[in-house]
Structures are given as structure tokens and as C-alpha cells.
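Everything in the sequence shown is counted per the numbering used here, starting at 2 for the first residue and increasing by one.
Glycine included, each C-beta is placed from N, C-alpha and C at the ideal position.
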Amino acid sequence: MIVADRKPIEDIKEMLTPYKKILMVGCGTCVSVCMAGGEKEVGVLASELRMIDKMENKNWEITETTIQRQCEREYIEPLEEKFKEADIVLSMACGVGVQYMVEVFPEKIVLPALNTTFYGTTVSEGEWEERCAGCGECVLHLTLGVCPVARCSKGLYNGPCGGTDMGKCEVSKELDCAWYLIHNRMKDLGKIEMMGTFIKPRSWKQSLNGGPRKRVREDLKK
Ligand code: SF4
Ligand code: SF4
């Protein structure tokens, strides 16, 4: 899932200050799971904003709604009337949701209430960790399921580097060294010889470095 954090309330307040009728739109998928922008978080932020409105006479009229996904047209289009009535839309989705709502309703300004951070997973209650950087050419078959791009601080294809220390990364003692994890998996699964296999340099054209990416499945096109 995509993991995000809510922006500080002061930043959101500043963005909304010039407007009166505010439509808040939550997203019921990834950001709901990471408790940043789902229905509950929309309610919490709306309450904070209403309190600010009272204390600072902002004159805000706040409407709340949450849709299943802000990255798909079929869920956004039913908001047409609500969009028309609003001066501004505050999205609580990831950056994809914000941009797609703008594409569906280009006449409106949509503000981001979240900072989108990474693709990750829930490792324990209230804790999420990055697992994939969407590099476009997956090498997990060569590293037995531990991503060297997202989980090694240097993105090394052939590690570890000289900074690895008792299983931790030199960048922080809080971080496991990805290559220590890869080594241990290879050892545990009886495939330690894979550590000696050189992973060839790749073309980064498939990554964001090659520009915005697009995927087309001709067999699914109408
Ligand atoms: S190698 Fe690339 S696609 Fe595979 S998990 Fe890592 S970042 Fe994601
Ligand atoms: S210590 Fe490990 S995770 Fe950190 S940069 Fe070096 S190889 Fe990568």
C-alpha cells in the first residue's frame, strides 16, 4: 500500500485560509489502512478545522466525504455536485489521488492534506515500513524477496557495503542492513552461493529516472 502522513495542521490551515466552502475528500484504500486519510481521519481533521474556524473566525463551511479510491474515475465522478458547490477541495489521499481528482475536475483546485511517503506494509500496530520503490525492474528473485533498492540505504545491487555492522546499517542503528537480511535468507534457505552471484548493472529507464511511467496492456484496451 501507499503510506502517507498528514501534513501539520498549521500548513493545512494556511492552505485553506483564502477559501470559504471547503470539501474534504478522504480515500478508503491505502491511506485508510495507514490511518492517514480515511473516513475516521477526515472526521478528526474536520473537527480540528471547525475548532480553528470558531477560534479564528475563518468563516469556513466544511463538508466531508470519503470515497473508496481517489485514483479511479468511477469513484470520483459521483462527486461532481459536491465539487461544483465547493470553493476548494482538500484531498486526504496520496499524491496520485490529488492529481487524478484534478484530471477529472480540472476547473477545481485540489489541495493535498497528506505527505505521500512510500510503498510499504504494516509491521505492527501504528508502524509502517518501506518495502518497494517501484523501480520498474524487480530483482527480488535475485535477492530472495528482500528489496535492495528500497531497503538498502545506498540502493546497492551487490552488497553489503563496508558500513554494515552487526546486522545494522551504517546510516542508523535503527535500520536493518538489507544485505545482512538478504545474506541470512540465502543461508537459511540453503542458497548461500547466490551471494557470490554478481547482479548486473541495470537500465534505470524503467524507473522514474526515465521520466513518468506508463503501462499499456493492449489485450485489455477497448
Ligand atoms: S526491486 Fe524494484 S520493483 Fe522489486 S521490490 Fe525493489 S523497488 Fe520494488
Ligand atoms: S550497511 Fe547495508 S543497508 Fe546500509 S548502505 Fe550498506 S549495504 Fe546498504
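- In the structure shown, N185 falls within a helical segment according to DSSP collapsed to helix, strand and coil.
- Judged by DSSP in its simplified three-state form, E138 adopts coil rather than helix or strand.
- Within the chosen limit of 7 Å, ligand 1 reaches the beta carbon of G135 through at least one heavy atom.
- For N116, the beta-bridge partners assigned by DSSP are D6.
- Here the segment 138-151 makes no contact with the segment 101-113; the two share fewer than three CB pairs at distances below 8 Å.
- Of all C-beta pairs linking the segment 4-12 to the segment 67-76, fewer than three are shorter than 8 Å, placing the two stretches out of contact.
- For T123, the closest of N58, P79 and M36 by C-alpha to C-alpha distance is M36.
- Rounded to the nearest whole angstrom, the CA to CA distance from V172 to S154 is 7 Å.
- Taking C-beta atoms as the reference points, L24 and A87 count as a pair closer than 8 Å.
- Shown here for T64: same chain residues with a beta carbon closer than 8 Å to its own, the five before and five after excluded, namely K22, I23, L24, M25, K83, E86 and A87 in chain order.
- The beta carbons of N159 and I200 sit closer together than 8 Å.
- Comparing alpha carbon positions, the residue from M93, A94, K169 and R74 closest to P107 is R74.
- In this structure, ligand 1 has no non-hydrogen atom nearer than 7 Å to the beta-carbon of V4.
- Exclusion of the five residues before and after R203 leaves E138 as the residues of its chain whose Cβ lies within less than 7 Å of its Cβ.
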